[in-house]
Amino acid sequence: MSRITITVNGKPETREVEDRTLLVQFIREHLGLTGTHVGCDTTQCGACTIHLDGKAVKSCTVLAVAADGSEVMTIEGLAKGGKLHPVQQAFHEHHGLQCGYCTPGMIMASVDMIRRHDGMLDEHTVRHELEGNLCRCTGYHNIVKAVLDAAEKHRAAHAVAAE
Amino acid sequence: MYATTYHKPKTLSEAIDLYENSEEPSYLSGGHTLIPTLKSRLAAPQHLIDVRAIPELSGIEVTADKVIIGSATRHAVVAASKEVKAAIPALAGLAGSIGDVQVRHMGTIGGSTANNDPAADYPSAVLSLDAIVHTDRRSIPAADYFQGLYTTALEPGEILVRVEFKIPEVAGYAKFRNPASRYSMAAAFVSKHRDGHVRVAITGAGNEGVFRWTEAEERLDESLTVEALEGLAIDPSQMMGDMHAPANYRAHLVAVMTRRAVQNLGGTHIL
Chain S
6 MSRITITVNG
16 KPETREVEDR
26 TLLVQFIREH
36 LGLTGTHVGC
46 DTTQCGACTI
56 HLDGKAVKSC
66 TVLAVAADGS
76 EVMTIEGLAK
86 GGKLHPVQQA
96 FHEHHGLQCG
106 YCTPGMIMAS
116 VDMIRRHDGM
126 LDEHTVRHEL
136 EGNLCRCTGY
146 HNIVKAVLDA
156 AEKHRAAHAV
166 AAE
Chain W
53 MYATTYHKPK
63 TLSEAIDLYE
73 NSEEPSYLSG
83 GHTLIPTLKS
93 RLAAPQHLID
103 VRAIPELSGI
113 EVTADKVIIG
123 SATRHAVVAA
133 SKEVKAAIPA
143 LAGLAGSIGD
153 VQVRHMGTIG
163 GSTANNDPAA
173 DYPSAVLSLD
183 AIVHTDRRSI
193 PAADYFQGLY
203 TTALEPGEIL
213 VRVEFKIPEV
223 AGYAKFRNPA
233 SRYSMAAAFV
243 SKHRDGHVRV
253 AITGAGNEGV
263 FRWTEAEERL
273 DESLTVEALE
283 GLAIDPSQMM
293 GDMHAPANYR
303 AHLVAVMTRR
313 AVQNLGGTHI
323 L
């Protein structure tokens, strides 16, 4: 057992965990934040994607104890003051989901992607960079539309901020 | 996953001490091969020794003729490094083609090189770029390092510290991926070194893991062109065959990927 502290969505969380605990188990079972999903449990589907120190990773393949002292952001941490994050809003408007199982991972991967590219994305890049997230319902079309829309709004917001 | 005890040493000597004084220890880096293996209960180390906090294992250094990468460096960092891109663009491109975005944020060059998966990308660059694998105790030339499937010259407890690549005159990498797993079914790393010699390393296809295709090297030494490879085939009996691709198909892909690497010198061609 190890005593670890991980800052999750801005709040330090200290727990006693078995060393074999996966980060996704820590998030779901120890903190009760069940927005992060377990899909394949084999590092392929991306449903468990969260941000670890600002980078999108698959939390089913990280030990919680190895993330001791880190900052984690989950899907629950995106909306601010009851207002959806722009990427969540874009998924809503473009109906970028059907069953919704992959959606938290898709959104966390998309937020990371838009930030890394500073919103400069085209369809090819979005499809390529979503390789690590599987959706078995939508055929990806509306997901890609949602990411492109959110990326455009990110650019516009930053252009305004720069003026 | 079976129960295990996690350690995060801050120095090389502390890590080696832990390894030598523990029952069934295993080193852990990015964990993107090891953790899935543990979850499947295919391995059950009693002690996991995380090497990522050891300072010697991080950082990228580029000199006039070498690119030296610390073994705990993540694929995304190598892929985005301006220095690596300028010195060996095919190496940065290779790193950027591993797995997916999330995997590249965690997986490390040392983990890939130490594990020597027959379908991993980095072993082809290590062999083609005539690299030296530096460990806590010695320096191993690439020619002596790879010893078959999942097997390397590393001794139990030996830590891979950094990989030193020779900067070639030009290099190219071409890969045909399994569309589901994204591991290579055949990939070729072709380098023309400053001494004029060409090295062709093939990963994903050989039944003994990564290997040099010397017949292709002889042809390309004469002329570094696609035409020089015309009519050259590789023996399917040396290729892996599985549900994804039979040996004769992999043999075909090896020749195609080698030609594509030559067509894309100075970069990558990923399918």
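Quick note, the sequences are listed as chains S and W, same order.
Residue numbers are given in this note's numbering: position 14 of the first sequence equals residue 19, and the series is strictly consecutive.
Residue numbers are given in this note's numbering: position 268 of the second sequence equals residue 320, and the series is strictly consecutive.
Cβ atoms here follow ideal geometry from the backbone N, Cα and C, with glycine treated the same way.
Here the structure is a predicted model, which means the values were calculated and not measured.
In the DSSP assignment, what residue or residues form a beta bridge with residue i?
i, result
"residue 84 of chain W", "Per DSSP, none; premise fails for residue 84 of chain W."
"residue 254 of chain W", "W:240 and W:263"
"residue 61 of chain S", "S:56"
"residue 16 of chain S", "S:13"
"residue 77 of chain W", "W:99"
"residue 58 of chain W", "W:100"
"residue 185 of chain W", "W:192 and W:215"
"residue 67 of chain W", "DSSP lists no partner for residue 67 of chain W."
"residue 293 of chain W", "Looking at the DSSP assignment, residue 293 of chain W forms no beta bridge with any residue, so it has no partner."
"residue 100 of chain S", "None, per the DSSP bridge assignment."
"residue 321 of chain W", "W:226"
Can you check whether the C-beta of residue i is within less than 9 Å of a C-beta belonging to chain W?
i, result
"residue 152 of chain S", "no"
"residue 7 of chain S", "yes"
"residue 60 of chain S", "yes"
"residue 68 of chain S", "yes"
"residue 23 of chain S", "yes"
"residue 117 of chain S", "yes"
"residue 136 of chain S", "yes"
"residue 94 of chain S", "no"
"residue 155 of chain S", "no"
"residue 46 of chain S", "yes"
"residue 10 of chain S", "no"
"residue 57 of chain S", "yes"
"residue 52 of chain S", "no"
"residue 27 of chain S", "yes"
"residue 84 of chain S", "no"
Taking a contact to mean a Cβ-Cβ separation below 9 Å, would you say residue i touches residue j in this structure?
i, j, result
"residue 119 of chain S", "residue 156 of chain S", "yes"
"residue 9 of chain S", "residue 25 of chain S", "no"
"residue 181 of chain W", "residue 228 of chain W", "no"
"residue 127 of chain S", "residue 159 of chain S", "no"
"residue 183 of chain W", "residue 146 of chain W", "no"
"residue 110 of chain S", "residue 150 of chain S", "no"
"residue 103 of chain W", "residue 61 of chain W", "yes"
"residue 211 of chain W", "residue 123 of chain W", "yes"
"residue 119 of chain W", "residue 219 of chain W", "yes"
"residue 70 of chain S", "residue 32 of chain S", "no"
"residue 55 of chain S", "residue 29 of chain S", "yes"
"residue 64 of chain S", "residue 53 of chain S", "yes"
"residue 98 of chain S", "residue 153 of chain W", "no"
"residue 174 of chain W", "residue 321 of chain W", "no"
"residue 39 of chain S", "residue 87 of chain W", "no"
"residue 14 of chain S", "residue 82 of chain S", "yes"
"residue 95 of chain S", "residue 154 of chain S", "yes"
"residue 94 of chain W", "residue 57 of chain W", "no"
"residue 121 of chain W", "residue 215 of chain W", "yes"
"residue 57 of chain S", "residue 157 of chain W", "yes"
"residue 286 of chain W", "residue 307 of chain W", "yes"
"residue 289 of chain W", "residue 299 of chain W", "yes"
Between residue i and chain S, is the shortest Cβ-Cβ distance under 9 Å, so that the two count as touching?
i, result
"residue 84 of chain W", "yes"
"residue 266 of chain W", "no"
"residue 112 of chain W", "no"
"residue 57 of chain W", "yes"
"residue 104 of chain W", "yes"
"residue 290 of chain W", "no"
"residue 158 of chain W", "yes"
"residue 284 of chain W", "no"
"residue 155 of chain W", "yes"
"residue 100 of chain W", "yes"
"residue 54 of chain W", "yes"
"residue 169 of chain W", "no"
"residue 93 of chain W", "no"
"residue 195 of chain W", "no"
"residue 206 of chain W", "no"
"residue 280 of chain W", "no"
"residue 173 of chain W", "no"
With residue i and residue j assumed to form a contact (beta carbons below 8 Å), what rounded beta-carbon distance in angstroms separates them?
i, j, result
"residue 67 of chain S", "residue 27 of chain S", "7 Å"
"residue 276 of chain W", "residue 244 of chain W", "6 Å"
"residue 168 of chain W", "residue 203 of chain W", "6 Å"
"residue 223 of chain W", "residue 317 of chain W", "7 Å"
"residue 160 of chain W", "residue 65 of chain W", "Actually they are not in contact, since the Cβ atoms of residue 160 of chain W and residue 65 of chain W sit about 21 Å apart, beyond 8 Å."
"residue 71 of chain W", "residue 209 of chain W", "4 Å"
"residue 103 of chain S", "residue 142 of chain S", "3 Å"
"residue 194 of chain W", "residue 179 of chain W", "5 Å"
How about residue i: is its Cβ closer than 8 Å to a heavy atom in the ligand NAD?
i, result
"residue 82 of chain S", "In the structure shown, the ligand NAD is absent, as is every other ligand, since no ligand is present at all."
- Task: May I ask you to verify whether the region 231-246 of chain W touches the region 129-136 of chain W, counting CB pairs closer than 8 Å and requiring at least 3?
- Result: As far as the Cβ criterion goes, the region 231-246 of chain W does not touch the region 129-136 of chain W, which means the pair count is below three.
Do three or more CB pairs link the region 253-264 of chain W to the region 195-212 of chain W at distances below 8 Å? yes
Check: How about the region 117-132 of chain W and the region 79-90 of chain S: do they share at least three Cβ pairs that are nearer than 8 Å?
Finding: Fewer than three beta-carbon pairs drawn from the region 117-132 of chain W and the region 79-90 of chain S are found closer than 8 Å, and the two stretches are therefore not classed as touching.
Segment contact flag, the region 246-257 of chain W with the region 267-275 of chain W, C-beta cutoff 8 Å, min 3 pairs:
Yes: at least three Cβ pairs fall under 8 Å.
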